[in-house]
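Please read the structure below before turning to the comments.
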Amino acid sequence: MLSVPCPWCGPRDETEFKYGGQAHVAYPSDPAALSDAEWASYLFLRDNPKGWFAERWFHSAGCRRWFDVVRHTVTYEFAPGVTP
Amino acid sequence: MADPRRSPLAHLAEPLAATGIMRELPYLSSFEVRGDPAEPAMARLGAALFPGPLLAASWPTAGHAAGTGPRYALWCGPGWYLLVDEPGSALAEAMADDLPGVSAVDVSAGRTVVELSGPHAREVLAHGCALDLHPRVFGPGSCARTNLAKAQVILHQTASTTYRVFVGASFADYLARWLLDAAVEYIRGEPVDQ
Ligand SMILES: [Zn+2]
Chain A
6 MLSVPCPWCG PRDETEFKYG GQAHVAYPSD PAALSDAEWA SYLFLRDNPK
56 GWFAERWFHS AGCRRWFDVV RHTVTYEFAP GVTP
Chain B
410 MADPRRSPLA HLAEPLAATG IMRELPYLSS FEVRGDPAEP AMARLGAALF
460 PGPLLAASWP TAGHAAGTGP RYALWCGPGW YLLVDEPGSA LAEAMADDLP
510 GVSAVDVSAG RTVVELSGPH AREVLAHGCA LDLHPRVFGP GSCARTNLAK
560 AQVILHQTAS TTYRVFVGAS FADYLARWLL DAAVEYIRGE PVDQ
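So the sequences go chain by chain: A and B. So that you can map any letter, position 13 of the first sequence is 18 in my numbering, and since no number is skipped, the others follow by simple counting. So that you can map any letter, position 136 of the second sequence is 545 in my numbering, and since no number is skipped, the others follow by simple counting.
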């Protein structure tokens with residue numbers, strides 16, 4: 006069980022959250038100009054690092070806010086005080 | 410005419426009372442309020458709800474309740490509060506003014522409240538709540554939106570050994586039966602059949 010640091014509520018059990026995947030995936034500025042491959046890349050392809058990863062979480066059972074954190078995918082450690 | 414209402418836990422009043430720990434507080438008034446506490450309209454609303462120099466315009470900070478007596482506000486999230494008062498209170502009258510940027514919705518019928526009190530209240534809750542409820546972390550005036558036995562609740566500690574659990578009406582039966590089961594080991598004698 007992860008203890009996820011909500012910036013508003015403090016550390017809470019993982020079961021109070023929904024996972025939102027990789028952070029900072031920007032919506033294309035001109036989606037119509039994208040090729041099918043580029044659009045598929047935007048929709049489906051995400052980084053999968055062994056190490057630190059900026060990701061989104063939603064505190065669904067608590068303050069119901071989305072926020073970003075940096076988590077280590079091997080140690081499951083959350084980077085303290087990092088607001089990516 | 411008799412009161413035609415039936416509270417969500419009316420059918421469990423007897424077993425709840427038999428525990429000596431729990432009872433339902435039905436029909437409390439509650440409003441969900443959203444607004445930036447730094448905005449003048451929120452300050453005006455705070456002053457209207459909590460007259461007096463001490464509490465005027467002070468909305469609760471994260472994890473806390475604000476107010477004294479039966480009327481108080483619980484912090485739910487940034488700019489998000491649950492106002493609570495006794496059944497049939499005039500909460501709506503305080504919101505009669507034009508309040509730009511503030512949203513207030515009467516949600517009184519959406520939830521009921523289970524009150525747990527006495528020396529075992531904290532232990533019963535701890536059976537199904539992952540929060541640290543030790544007094545050094547969670548004391549009187551603390552509140553949290555969290556999960557209790559898989560039900561989404563708002564937990565509010567009102568006194569040193571008294572807690573209010575706000576739960577959706579449709580989850581109340583499940584949660585009350587879970588609480589009755591969790592409390593069995595703290596009850597003298599035989600529990601009342603549910
Ligand atoms: Zn939160």
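Just so you know, even glycine gets a beta-carbon here, dropped at the ideal spot from N, CA and C. The model shown is predicted, which means the values in this text are computed figures rather than measured ones.
Boundaries (first-last residue) of the beta strand (DSSP E) holding Phe49 of chain A: Taking the first sequence and counting its residues from 1, the one referred to as residue 49 of chain A is at position 44. No beta strand (DSSP E) holds Phe49 of chain A; the alpha helix (DSSP H) holding it covers Asp41 to Phe49.
Short-range partners of chain B found in the region 62-80 of chain A, where Cβ spacing is below 7 Å: Listed by position, the residues of the region 62-80 of chain A near chain B (Cβ gap below 7 Å) are Ala66, Gly67, Cys68, Arg69 and Arg70.
Any non-hydrogen atom of ligand 1 within 7 Å of Cys552 of chain B CB: Your numbering for residue 552 of chain B matches position 143 in the second sequence. Not so, every heavy atom of ligand 1 lies at least 7 Å from the Cβ.
Contact set, ligand 1 heavy atom to C-beta under 5 Å: A:Cys11, A:Trp13, A:Cys14, A:His64, A:Gly67 and A:Cys68
Identity of the residue in B:Arg414, B:Ala501, B:Ala499 and B:Ala482 nearest Ile563 of chain B by Cα: For the purposes of this step, residue 563 of chain B is identified with residue 154 of the second sequence, where counting begins at 1. The shortest C-alpha separation from Ile563 of chain B is found at B:Ala482.
Residues near Ala465 of chain B in its chain [Cβ-Cβ closer than 7 Å; skip 5 each side]: Counted from its first residue, the second sequence places residue 465 of chain B at position 56. For Ala465 of chain B, the predicted structure reports a pLDDT of 46, less than 50, and the residue's modelled location is therefore unreliable. A value from the coordinates is still provided. Gly455, Ala456 and Phe459.
DSSP bridge partner residues for Ala475 of chain B (one or two, in chain order): As a first step, residue 475 of chain B is located in the second sequence; it is residue number 66 there, counting from the start. Ala475 of chain B pairs with B:Ala482.
C-beta contact flag for Ala591 of chain B and Gly510 of chain B at 8 Å: Against the second sequence, residue 591 of chain B aligns to sequence position 182. Against the second sequence, residue 510 of chain B aligns to sequence position 101. No, they are not a contact pair.
Nearest-angstrom Cα separation, counted from Cys552 of chain B out to Arg545 of chain B: The residue you call residue 545 of chain B lines up with position 136 of the second sequence. The residue you call residue 552 of chain B lines up with position 143 of the second sequence. One C-alpha to the other measures close to 14 Å.
Terminal residues of the alpha helix (DSSP H) in which Tyr595 of chain B lies: In the second sequence, the residue the question calls residue 595 of chain B occupies position 186. Here Tyr595 of chain B belongs to no alpha helix (DSSP H), and DSSP marks it neither H nor E.
Beta carbon of His565 of chain B nearer than 8 Å to that of Arg554 of chain B: Counting from 1 along the second sequence, the entry for residue 565 of chain B is found at position 156. Counting from 1 along the second sequence, the entry for residue 554 of chain B is found at position 145. With a cutoff of 8 Å on beta-carbon distance, His565 of chain B and Arg554 of chain B are scored as not near each other.
Sub-8 Å separation of Arg443 of chain B and Leu508 of chain B beta-carbons: Taking the second sequence and counting its residues from 1, the one referred to as residue 443 of chain B is at position 34. Taking the second sequence and counting its residues from 1, the one referred to as residue 508 of chain B is at position 99. No, they are not a contact pair.
Extent of the continuous alpha helix (DSSP H) to which Met431 of chain B belongs: What you label residue 431 of chain B is simply residue 22 of the second sequence in a count that begins at 1. From DSSP, Met431 of chain B is part of no alpha helix (DSSP H) but of the beta strand (DSSP E) over Met431 to Leu434.
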